[in-house]
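See structure below.
There are 2 protein chains.
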Amino acid sequence: MQDTPNLLLITDVPGYAPQISRLMSMMNYARFTTLRSVEGLTTEQLDYTIDAKSNSIGSLLLHFAAVEVAYQLETFEHRDLNEEEMKIWGAALELGDQGRDQIKGNNLDYYLNILSEVRGKTYDVFKTKTDDWLYEEYPFWQNQPANHYFMWYHVLEDEINHRGQIRWMRKRLPV
Amino acid sequence: MQDTPNLLLITDVPGYAPQISRLMSMMNYARFTTLRSVEGLTTEQLDYTIDAKSNSIGSLLLHFAAVEVAYQLETFEHRDLNEEEMKIWGAALELGDQGRDQIKGNNLDYYLNILSEVRGKTYDVFKTKTDDWLYEEYPFWQNQPANHYFMWYHVLEDEINHRGQIRWMRKRLPV
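So the protein lines, in turn, are chains A and B.
Positions 1 to 175 (our numbering) are the ones given, in order, by the first sequence.
Positions 1001 to 1175 (our numbering) are the ones given, in order, by the second sequence.
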């Protein structure tokens, strides 16, 4: 925590618009807690599933990256993943049986590198955006109006939700 | 969702300062998803614990209210809970054995009423606050500077984290 100045401030981030900075402050803190929740896990622990319905910790990490990619496409390009992108991210987006089948055998660095690469791309684009962009709205879930700020809030909110599950599983890993 | 206008917008809330409004938009959406995750649960289901380490869904609901009370005192009065307040909220704040012993036998309305009462108090005070107040900062965890915005972000972040666990448990309730 001491190595991360401004970790506990929702505030300006140099080089970014004021409201985008506040969103990024929240994304950064959420990611900090995610990383802390998986520190030191082995490949076997990342692959472990508690029961037939549960997702592995590794698959949830990849899910965070996949959701972020989906919202990059949604908010930067206003489109869904294409077939090619679904081949890469589909299992991580949808989890369940697909996730359990396809996401395994990777070490922690594998997941952390993908998370960091995807986040880097988000922030590169955020640098080019104004706060007005953050407040652009259009019909979204069930045709209700949503703005870009909400969509990115949902990205971090989904990460925190599953991080709660990661913490739960970590406490129950076989010794 | 259709009954809740502005649910998917991070935006102004009439009667509140602009940045406080944005925080409230996020708190409102987090609470909406919490309420949806516990809809229709019986007292027995709210009391159920999956294993010896787990908190019941009911105790997590009361935890949300207790954390919010703790941050009301922190940010509105800059103090911890006193002895009297700890008698009321201690078990819900600390969970674990205390929570399992003391929080049970309540129906869903019991929890929802407390959540709504505590939230109402928060918003009554928010109405009197400026955005400058939201950015006031002082040394917090590990003596790192935190602002009030971060502290309230943490309140909703803690709720989302445990809501992830509520969803997990709900899927695994005995039939």
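The beta carbon of each residue, even a glycine, is placed where N, CA and C say it ideally should be.
Asked: May I ask you to check if the CB of A:E68 is nearer than 7 Å to at least one heavy atom of the ligand SAH?; Found: No copy of the ligand SAH appears in this structure; indeed no ligand is present at all.
Asked: Can you round the beta-carbon distance between B:L1008 and A:F140 to whole angstroms, since I take them to be within the 8 Å contact cut?; Found: 6 Å
Asked: Using DSSP bridges, identify the partner residues of B:Y1048.; Found: Note: B:Y1048 sits in no beta bridge, so no partner.
Asked: Please tell me whether B:P1145 has its Cβ less than 8 Å away from any Cβ of chain A.; Found: yes
Asked: In the DSSP assignment, the alpha helix (DSSP H) including B:Y1029 goes from what residue to what residue?; Found: 1018-1038
Asked: Spatial neighbours of B:D1012 within its chain, please: C-beta separation below 7 Å, excluding the five flanking residues on both sides.; Found: P1018, S1021
Asked: So does the segment 58-66 of chain A actually touch the segment 96-104 of chain A, counting three or more Cβ pairs closer than 8 Å?; Found: yes
Asked: Who are the neighbours of A:E44 on chain B, taking C-beta pairs under 9 Å?; Found: Chain B residues near A:E44: none, gap ~21 Å exceeds 9 Å.
Asked: Using a Cβ-Cβ cut-off of less than 9 Å, give me the residues of the segment 1004-1033 of chain B that come near chain A, in sequence order.; Found: T1004, P1005, N1006, L1007, L1008, L1009, I1010, T1011, Q1019, R1022, L1023, S1025, M1026, Y1029, A1030, T1033
Asked: At a Cβ threshold of 8 Å, is B:H1078 touching chain A?; Found: no
Asked: Checking contacts by CB at 8 Å: is B:W1168 closer than that to chain A?; Found: yes
Asked: What's the gap between the Cα of B:L1156 and the Cα of A:V69?; Found: 24 Å
Asked: Between A:Y126 and chain B, is there a C-beta pair that is closer than 8 Å?; Found: First, the residue type needs correcting, since residue 126 of chain A is Phe and not Tyr in the sequence shown. Output row for A:F126: interface = no.
Asked: Could you give the residue range of the alpha helix (DSSP H) that holds B:N1113?; Found: 1108-1126
Asked: Have a look at A:M27 and B:F1150 and give me their C-alpha separation to the nearest angstrom.; Found: 12 Å
Asked: Going by DSSP, which residues form a beta bridge with B:Y1135?; Found: According to DSSP, B:Y1135 bridges with nothing at all.
Asked: Is the distance from the Cβ of A:A52 to the Cβ of A:W89 below 8 Å?; Found: no
Asked: Taking any Cβ of chain A, which residues in the segment 1035-1063 of chain B have a Cβ under 7 Å from it, in chain order?; Found: K1053
Asked: Using a Cβ cut-off of 9 Å, which residues of the segment 1087-1110 of chain B contact any Cβ in chain A, in chain order?; Found: none
Asked: Taking just the CA atoms, how far does A:Y153 sit from A:L134?; Found: 11 Å
Asked: Listed in chain order, which residues of the segment 110-121 of chain A have Cβ atoms closer than 9 Å to some Cβ of chain B?; Found: none
Asked: Along the beta strand (DSSP E) that carries B:N1147, what are the first and last residues, could you check?; Found: 1145-1147
Asked: Between which two residues does the alpha helix (DSSP H) holding B:E1085 run?; Found: 1083-1094
Asked: Using the beta-carbon count (16 or more within 10 Å), is A:Q165 buried or exposed?; Found: buried
Asked: When we look at the beta-carbon of A:T122 and count the other beta-carbons within 10 Å, is it buried (16 or more) or exposed?; Found: buried
Asked: So what does DSSP say about A:T42, is it helix, strand or coil?; Found: coil
Asked: Would DSSP call B:R1172 helix, strand or coil?; Found: coil
Asked: Excluding the five sequence neighbours on either side, which residues of its own chain have a C-beta within less than 7 Å of the C-beta of A:A91, listed in chain order?; Found: Q98, G99, Q102, I103
Asked: If you draw a straight line from the alpha carbon of B:T1034 to that of B:R1167, how long is it in whole angstroms?; Found: 9 Å
Asked: Cutting at 8 Å between CB atoms, please list the residues of its own chain near B:Y1048, excluding the five before and the five after it.; Found: S1056, I1057, M1169, L1173, P1174
Asked: Who are the Cβ neighbours of B:F1032 in its own chain at under 7 Å, not counting the five residues just before and after it?; Found: T1004, L1007
Asked: Using 8 Å for Cβ pairs, my map puts A:N147 next to A:E137. What's the rounded Cβ distance?; Found: 4 Å
Asked: Identify whether A:G105 lies in helix, strand or coil by the three-state DSSP scheme.; Found: coil
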